[in-house]
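Here the structure is laid out as structure tokens; the discussion comes afterwards.
Residue numbers (my numbering): 1005 to 1192.
Okay, structure coming up:
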């Protein structure tokens, strides 16, 4: 299985940790994985983008039109990374509103047969009183899509293993909250 994933957000949203979870989950499954990150003034809320490739690849950077999946932890970052998605790709977007209906972006996505799955991860994070957990909510939300080569158990074991001391319980709670929201978002 070859899989190319872009994770994008702004500084403080956990792009690097989200990427690390996927990277480590791949390693624990015995899969080949490489990755790269770019940080644009991340400490000041600037853009952070992670490229992750699972499978037989030699370069960590993903070309435009080649990403199988995009995780966008912020709406503007979804728009910025959209050129990376391939035909029939899938995008998981943190948004509390319908950002596509009737737009040129919607027409572009329809032409490319790209599936966009929105989740209001920011709202869920606030409800959990864990505003920095958007990353894990988004990962939890994506697992039932069967786009990743990992099960819920694989991901939970990875999160528990790599979470900083004292944070694994909240991280798992956030991941599970995202997973729980999968079904309600399919109805939209």
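Positions of the beta carbon are idealized from the N, C-alpha and C atoms, including for glycine.
With fewer than 16 other Cβ atoms inside 10 Å of its own Cβ, residue 1114 counts as exposed. For the set 1090, 1022, 1079, the Cα lying nearest the Cα of residue 1008 is the one of 1090. Within the DSSP bridge table, the entry for residue 1119 names 1094 as partners. Secondary structure note for residue 1008: its beta strand (DSSP E) is the uninterrupted segment 1007-1014.
Between residue 1094 and residue 1182, the CB-CB gap reaches or exceeds 8 Å. Contact between residue 1164 and residue 1176 is confirmed by a C-beta separation of about 6 Å, below the 8 Å threshold. The residue from 1011, 1099, 1116 with its alpha-carbon nearest to that of residue 1052 is 1011. In the DSSP assignment, residue 1183 falls within the unbroken alpha helix (DSSP H) covering 1172-1184. Under a 10 Å Cβ-count criterion, residue 1063 is classified as exposed, with fewer than 16 other Cβ atoms of the shown protein chains found around its own Cβ. When secondary structure is reduced to three states using DSSP, residue 1099 falls in the coil class, being assigned neither helix nor strand. Pairing residue 1125 with residue 1040, the inter-Cα distance amounts to about 24 Å. Exposure of residue 1117 is indicated by the presence of fewer than 16 other C-beta atoms within 10 angstroms of its C-beta. Our two residues, residue 1100 and residue 1166, have alpha carbons roughly 29 Å apart in a direct line. Boundaries of the alpha helix (DSSP H) harbouring residue 1025: 1019-1032, taken from the DSSP string.
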